[in-house]
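Just so we're aligned, residue 1 is where the sequence shown starts under the UniProt record's numbering, counting upward by one.
Before any comments, here is the structure.
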Amino acid sequence: MRRGRKRKRAGKPTCLPPADASSPSIDSLNDDVLEEILVRLPSIASLARAACACARLRAIASSWAFLRRFRALHPSLLGHFATDADDESVKPTFHPARAQFDGCSDAAVRGGDFFLTRVDANAGWRVQDCRHGRLLFANESDLLVYDPLSRRGVSIRRPSWYPSSHFTHCLLAGYGGDGCPGSFRMVSVEHNGERAARGAVYSSCTGAWRRGRWDYDRVINPKRPSEYSYFPGMQAAGRIYWKHRDTTKLQVFDAGPMRFSYVHLPEGVHPRSKYAVGEAEDGGCCLVVLADAPHGTVFKVWRLRTGKGSWPWAWTWELERRLPACEVIGKVQYPPIRHVCAVVAGVVLICFQNHAGPHRHIAFWLSNMQVEATFRSAGWAYPFLMPWRHSSPLLLPSEKF
Numbered sequence: 001m002r003r004g005r006k007r008k009r010a011g012k013p014t015c016l017p018p019a020d021a022s023s024p025s026i027d028s029l030n031d032d033v034l035e036e037i038l039v040r041l042p043s044i045a046s047l048a049r050a051a052c053a054c055a056r057l058r059a060i061a062s063s064w065a066f067l068r069r070f071r072a073l074h075p076s077l078l079g080h081f082a083t084d085a086d087d088e089s090v091k092p093t094f095h096p097a098r099a100q101f102d103g104c105s106d107a108a109v110r111g112g113d114f115f116l117t118r119v120d121a122n123a124g125w126r127v128q129d130c131r132h133g134r135l136l137f138a139n140e141s142d143l144l145v146y147d148p149l150s151r152r153g154v155s156i157r158r159p160s161w162y163p164s165s166h167f168t169h170c171l172l173a174g175y176g177g178d179g180c181p182g183s184f185r186m187v188s189v190e191h192n193g194e195r196a197a198r199g200a201v202y203s204s205c206t207g208a209w210r211r212g213r214w215d216y217d218r219v220i221n222p223k224r225p226s227e228y229s230y231f232p233g234m235q236a237a238g239r240i241y242w243k244h245r246d247t248t249k250l251q252v253f254d255a256g257p258m259r260f261s262y263v264h265l266p267e268g269v270h271p272r273s274k275y276a277v278g279e280a281e282d283g284g285c286c287l288v289v290l291a292d293a294p295h296g297t298v299f300k301v302w303r304l305r306t307g308k309g310s311w312p313w314a315w316t317w318e319l320e321r322r323l324p325a326c327e328v329i330g331k332v333q334y335p336p337i338r339h340v341c342a343v344v345a346g347v348v349l350i351c352f353q354n355h356a357g358p359h360r361h362i363a364f365w366l367s368n369m370q371v372e373a374t375f376r377s378a379g380w381a382y383p384f385l386m387p388w389r390h391s392s393p394l395l396l397p398s399e400k401f
């Protein structure tokens, strides 16, 4: 037997037709056809990957009209960050929205830092907010904005205020644009006493705080009935809203003009109602409240109608929808609903009462009442949605994490 004889290399498969120079290319397709192709992708993650192919696909995928249509068809909820106790200093745990994602979303989760290993557990960080694919933490002297998908964060010095005050910290979307893509803003509001507050807004584009003055005339500080704690801030369309223990007014802080004001609650909603203010699918401000009705409990969805240039106390609430709660909760005898936790980009998170262990949470979509996630947590919970224009540089040149 002859040794060392080389095997003949197999040639190219002959089953594929030869390339034809006259075959249609992507340049021969109009934008409408390309939009129909992109809208059939399974997730925001796969859309972001496809948009990197060329500038034309990115321009189509970046239009607000297309994104609204895409988000209506393909939910972008990856999961929830939740603490195991009401103590915000406990590092939150990530609960995936489903057991299996599509390939691109699964790769994004596996490649990210959803165990928050790069967040120092000994630095006294307390989770404050979760928006636009980022988490916001605070300790005694600093604020930390952390992006688990890109594993990057930025530490920002807190504005110097009185140490005896209560603070609300929230994350807002940036102004965007070609000059500062992927930017973010941060709002820090100081509450002092019953009738005094002032705000500051940080922009990642400038790397600086813009501080406001004390307001004593249009402030109703959001104290809970316990007298020792405050209601958390709720946000929608660039404004922060707070409940109050014994008034039908919502405190409002507008981050644009840095102005405090208030807006009245809708008819039938009182301070003890189970409700939350947040953003609907189109980004508009809405209020979702659990209300009793003759034929069973319903979720009422109110939309805030703002006149151009009018002051917030002239704004009005319009009842948009009544959604039977049994479509979400089912006809099984669940424990009473503890409260409506949050409304984020059309996702409603509700919590059930449980005195024996962690509370059951259910997240569903306002558009179709489809349940997207269920999990248990004894503390705070924050929905985490896959952002669109993701992975622009988060760190500023002069900052380190």
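Just so you know, even glycine gets a beta-carbon here, dropped at the ideal spot from N, CA and C.
Residue nearest to residue i in terms of C-alpha spacing, selected from the options
i, options, result
"CYS54", "ILE337, GLY133, LYS91, LEU38", "LEU38"
"THR297", "ARG68, ASP106, VAL328", "VAL328"
"VAL145", "HIS166, TRP161, SER183", "SER183"
"HIS166", "VAL340, PRO92, VAL189", "VAL189"
"VAL347", "GLY283, ASP292, HIS264, THR306", "GLY283"
"ALA121", "GLN235, LYS91, ARG245, ILE362", "LYS91"
"ILE240", "TYR262, THR248, GLY103, ASP246", "TYR262"
"LYS249", "ILE220, PHE66, TYR275", "ILE220"
"LEU304", "ARG321, THR168, ALA108, ASP292", "ARG321"
"CYS205", "PHE253, PHE231, GLY174", "GLY174"
"ARG157", "LEU290, TYR202, ALA51", "TYR202"
"PHE94", "GLN128, CYS341, LEU78, GLN353", "LEU78"
"ASP380", "PRO358, VAL371, SER367, ARG210", "Correcting the residue identity first, residue 380 is Trp in this sequence and not Asp. The residue with the shortest Cα to Cα distance from TRP380 is PRO358."
"TYR275", "PHE231, THR306, ASN139, ALA138", "PHE231"
"CYS341", "GLY233, THR306, ARG110", "GLY233"
"ASN192", "ARG213, ALA373, ALA123, ASP113", "ARG213"
"HIS169", "ALA200, VAL371, ARG210", "ALA200"
"VAL109", "VAL119, GLY133, HIS244, GLY238", "GLY133"
"GLU281", "LEU366, PHE253, GLN251", "LEU366"
"ASP254", "PHE299, ARG98, ARG69, ALA237", "ALA237"
Continuous alpha helix (DSSP H) stretch holding residue i: start and end
i, result
"residue 403", "Any question about residue 403 goes unanswered here, given that the chain covers just 1 to 401."
"GLY111", "103 to 111"
"LEU366", "No alpha helix (DSSP H) contains LEU366, which DSSP labels as neither H nor E."
"LEU323", "Looking at the DSSP string, LEU323 is not in any alpha helix (DSSP H); the run it does join, the beta strand (DSSP E), is 316 to 324."
"LEU34", "31 to 38"
"ALA51", "44 to 51"
C-alpha gap between residue i and residue j, whole angstroms
i, j, result
"HIS295", "ALA72", "29 Å"
"ALA61", "ALA48", "8 Å"
"GLU318", "LEU287", "10 Å"
"LEU34", "LEU57", "8 Å"
"PRO257", "TRP242", "18 Å"
"residue 402", "ARG198", "Any property of residue 402 remains undetermined from this structure, which presents the chain solely from 1 to 401."
"SER150", "ARG131", "15 Å"
"PHE81", "SER28", "45 Å"
"PRO387", "LEU41", "16 Å"
"ALA293", "TRP315", "26 Å"
"VAL332", "CYS326", "Summary for VAL332: the model assigns pLDDT 49, below 50, so the residue's position carries little reliability; its value from the coordinates is reported in the next sentence. Roughly 9 Å between the two C-alpha positions."
"CYS285", "SER160", "31 Å"
"ASP147", "GLN235", "20 Å"
"SER229", "HIS74", "38 Å"
"SER105", "ALA45", "5 Å"
"HIS270", "ALA291", "11 Å"
"PHE352", "PHE375", "11 Å"
"SER25", "ARG360", "51 Å"
"MET369", "PRO324", "9 Å"
"VAL277", "ALA51", "33 Å"
"ARG272", "ALA345", "24 Å"
"ILE362", "LEU136", "23 Å"
"THR83", "PHE260", "31 Å"
Residue i, buried or exposed, once every other Cβ within 10 Å from all chains shown has been counted against 16
i, result
"HIS355", "exposed"
"GLU194", "exposed"
"TYR382", "buried"
"TYR216", "exposed"
"SER392", "Low confidence applies to SER392: its pLDDT is 38, below 50, so where it sits in the model is not reliable enough to give any reading."
"LYS141", "Note on identity: in this sequence residue 141 is Ser, with Lys being the wrong assignment. The residue in question, SER141, is exposed, as its Cβ has fewer than 16 Cβ neighbours within 10 Å."
"GLU279", "buried"
"ASP32", "exposed"
"GLY103", "exposed"
"GLY179", "Because GLY179 carries a pLDDT of 49, less than 50, the predicted location of this residue cannot be relied on, and the following value inherits that uncertainty. The residue in question, GLY179, is exposed, as its Cβ has fewer than 16 Cβ neighbours within 10 Å."
"CYS59", "It is worth fixing the name first, because residue 59 is Ala in this sequence and not Cys. ALA59 comes out exposed."
"LEU16", "For LEU16, the pLDDT reaches just 44, beneath the cut-off of 50, and the residue's location in the model is therefore unreliable, although a value from the coordinates is still provided. Classification of LEU16: exposed, given that the 10 Å Cβ count is below 16."
"SER76", "buried"
"TRP125", "buried"
8 Å Cβ cutoff, residue i in contact with chain C
i, result
"GLU281", "Judged by its chain identifiers, the structure shown contains no chain C, having just a single protein chain."
Range covered by the beta strand (DSSP E) that runs through residue i
i, result
"ILE350", "347 to 352"
"SER261", "259 to 264"
"ILE337", "337 to 344"
"SER377", "371 to 377"
Closer than 7 Å: residue i CB and nearest the ligand SAM heavy atom
i, result
"GLY153", "No copy of the ligand SAM appears in this structure; indeed no ligand is present at all."
Mind pulling the beta strand (DSSP E) runs of 3 or more residues that sit fully within the region 172 to 256?
184 to 192, 196 to 203, 208 to 211, 234 to 236, 239 to 242, 249 to 254
**OP:** Ignoring anything shorter than 3 residues or poking outside the region 128 to 166, list the beta strand (DSSP E) runs there in chain order.
**Re:** Considered as a whole, the region 128 to 166 harbours 134 to 138, 142 to 147, 152 to 157 as its complete beta strand (DSSP E) runs of no fewer than 3 residues, in chain order.
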